[in-house]
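Undergrad:
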Amino acid sequence: MLSEYQQDLRDRFLSAPVVPAPDPWRPVSAHLIPIGGLLGVGFALDPASGKDLLMVVSSNGHGLFDASTGERLARDYDPDPETSTPTGPDLSCPGLGSLAGTQVRIAGLFGGGLHTTTDDGWTIQVFSPDWPHHRVLLSADGGLCRGPAGEKWWHIFHSSWSELRAAGFSPSGRTLAVATSSDITLFTRAEPNL
């Protein structure tokens with residue numbers, strides 16, 4: 001049985017419509033980036049440019065994406081089966097493309113997590129008031145989600161068609177990723193003002 005507060009919170013999240021992320025966030029693509037059999041994702045910085053990169057691990061191989069454009073930069077259709085699954089104590093996989101020779105931590109089906117806050121106060125939270133469907137909320141109030149939706153918090157993603165794998169920020173705070181078992185949604189912004 002839910003308390004009155006819990007029921008109010010549940011009702012608030014259920015009634016909040018999915019809306020675009022607020023300024024300064026913008027979607028990287030007009031559409032989801034399809035990734036069949038997605039297992040997990042992890043962020044890394046491009047060693048040459050300092051851009052956010054997103055490594056994707058799926059049952060169909062590994063991919064590396066420019067997180068600010070959604071462009072696929074590298075693809076490995078047949079990664080080494082000994083090291084291609086993000087297991088072990090650090091849940092990492094070998095990088096590819098410009099990340100070759102490094103390990104990238106992966107969050108998703110096997111555990112782990114992405115950053116849930118940025119240094120300048122943005123917070124991402126995942127709620128399931130109608131489990132097994134997940135709602136991703138972006139907030140500018142430290143994750144309190146007080147007040148009406150659209151003022152200090154926004155329901156930016158509703159995973160009702162695929163299982164949520166991971167949601168969170170890159171370490172730089174410039175990119176926000178939402179990964180499901182079938183696709184990726186990316187949001188980006190200019191360099192945060194800290």
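Note that this note's numbering gives residue 165 to position 165 of the sequence shown, counting from 1, and the numbers run on in steps of one. Glycine included, C-beta positions come from ideal geometry on N, C-alpha and C.
(1) When the distance is taken between beta carbons, is L96 closer than 8 Å to I106?
(2) How would you call H155, buried or exposed, if buried means at least 16 neighbouring beta carbons within 10 angstroms?
(3) In chain order, what residues of the same chain have a beta carbon less than 6 Å from the beta carbon of D76, not counting five sequence neighbours either side?
(4) Using a Cβ-Cβ cut-off of 8 Å (strictly less than) and excluding sequence neighbours within five positions of A190, which residues of its own chain qualify?
(5) Buried or exposed for H225, going by 16 or more other Cβ atoms inside 10 Å?
(6) Output the boundary residues of the beta strand (DSSP E) element that contains L99.
(7) Are the beta-carbon atoms of T185 and L32 separated by less than 8 Å?
(8) For S15, name the three-state secondary structure that DSSP assigns.
(9) Using a threshold of 8 Å, state whether the C-beta atoms of I35 and S58 are closer than that.
(10) Measuring straight from C-alpha to C-alpha, what distance separates S15 and H158?
(11) Check each candidate in G50, E151, G143 and name the one with the smallest Cα separation from P20.
TA: With the given structure in hand:
(1) Taking 8 Å as the Cβ cut-off, I106 and L96 do not qualify as a contacting pair.
(2) Burial check for H155: the Cβ neighbour count within 10 Å reaches 16 or more, so the residue is buried.
(3) Leaving aside the five residues that flank D76 on each side, the residues in its chain whose CB is nearer than 6 Å to its CB run, in chain order, G61, H62, L96.
(4) In chain order, P24, R174 place their CB closer than 8 Å to the CB of A190, counting only its own chain and leaving out the 5 sequence neighbours on each side.
(5) With the chain covering 1 to 194 only, the question about residue 225 has no answer from this structure.
(6) Counted as a single uninterrupted DSSP element, the stretch harbouring L99 is not any beta strand (DSSP E), since DSSP gives it neither H nor E.
(7) Against a cut-off of 8 Å, the Cβ pair of L32 and T185 comes out as a contact.
(8) S15: helix per DSSP, three-state reduction.
(9) It is a contact, given that the beta carbons lie within the stated cut-off.
(10) Each residue's alpha carbon lies about 12 Å from the other.
(11) Of G50, E151, G143, the smallest CA-CA separation from P20 is found for E151.
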